[in-house]
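The opening residue of the sequence shown carries number 1 in the numbering used here; numbering runs sequentially from there. A virtual CB, placed ideally from N, CA and C, is assigned to each residue, including glycine.
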Amino acid sequence: QAPRLPKNKALESFLNQPHPVKSILSPLLPTSLRDKLVNKIRYLNRGKPKLSPAVRKQLIEFYREDILQLQDLIGRDLSQWLKS
């Protein structure tokens, strides 16, 4: 699986490097809360890896019938899901 790269490199740098704002805010937050907050921001800042066209094609072929059945069941057009 491809690594999830940061969407915003400046934000990632801010999280990883010493910064005056962090040194001011750090004592105000308990360590556990600070760690959870940083991890959540880091997670939200990560982009999703792209599917290769070959894998996308395989998934569409594998799930084609299920998508068509779901389309009929819910009465909505899901043809976009079937495009490569």
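heavy atom of the ligand SAH below 8 angstroms from residue i C-beta
i	result
V38	Among the components modelled here there is no ligand, and therefore nothing to report on the ligand SAH.
Distance, residue j Cα to residue i Cα
i	j	result
L68	G47	29 angstroms
L82	L29	48 angstroms
A54	R76	27 angstroms
H19	R4	24 angstroms
S13	P6	10 angstroms
E65	I74	14 angstroms
S52	Q80	17 angstroms
Coarse secondary structure for residue i, derived from DSSP in three states
i	result
R4	coil
R46	strand
S79	helix
Cut-off 7 angstroms between Cβ atoms - residues of its own chain near residue i, not counting five sequence neighbours on either side
i	result
L15	V38, I41 and R42
S26	R34
Cβ neighbours of residue i in the same chain (closer than 6 angstroms, five flanking residues each side left out)
i	result
L148	No answer is possible for residue 148: it lies beyond the span of the chain, which begins at 1 and ends at 84.
Residue closest to residue i, alpha-carbon to alpha-carbon, out of the options
i	options	result
E8	V55, N45 and V21	Correcting the residue type first, residue 8 is Asn in the shown sequence and not Glu. When only C-alpha atoms are compared, the closest one is N45.
Open item on the list: For a minimum of 4 consecutive residues, which ranges assigned as the alpha helix (DSSP H) are wholly contained in the stretch 13 to 77?
Closed with: 20 to 25, 31 to 44 and 53 to 74
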